[in-house]
Amino acid sequence: MRNKAKRKFGQFESRSVLDVIASLDDMACRTKVADPLLPELFADYGRNSALWQGLAKPQSPRDHTYGEL
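According to my numbering, the stretch in the sequence shown is residues 278 to 346, in order.
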């Protein structure tokens with residue numbers, strides 16, 4: 278499913294939110310419990326939006342420091 282989703286919606290990293298959505302979409306469609314969400318997200322936001330980029334390529338948080346309380 279991931280390869281099909283990547284061909285259709287663009288590349289995304291493993292462990293990204295899009296990877297999770299693609300996996301859940303696959304399970305939901307196969308069991309017929311829900312319609313797929315990924316095509317709807319893509320139609321609403323597109324590959325170039327900031328939201329889509331954040332879902333596809335998660336970044337480690339940089340706004341915190343370790344060891345300080």
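Every residue, glycine too, gets a C-beta built ideally from N, C-alpha and C. Remember, it's a predicted structure, so these values are computed and weren't measured experimentally.
{"Check": "Own chain partners of Trp329 with C-beta closer than 7 angstroms, once the 5 adjacent residues on each side are dropped", "Outcome": "Tyr322 and Gly323"}
{"Check": "Proximity of Ala333 and Glu290 at Cβ, strictly below 8 angstroms", "Outcome": "yes"}
{"Check": "Rounded distance between the beta-carbons of Ala299 and Leu315, thought under 8 angstroms", "Outcome": "6 angstroms"}
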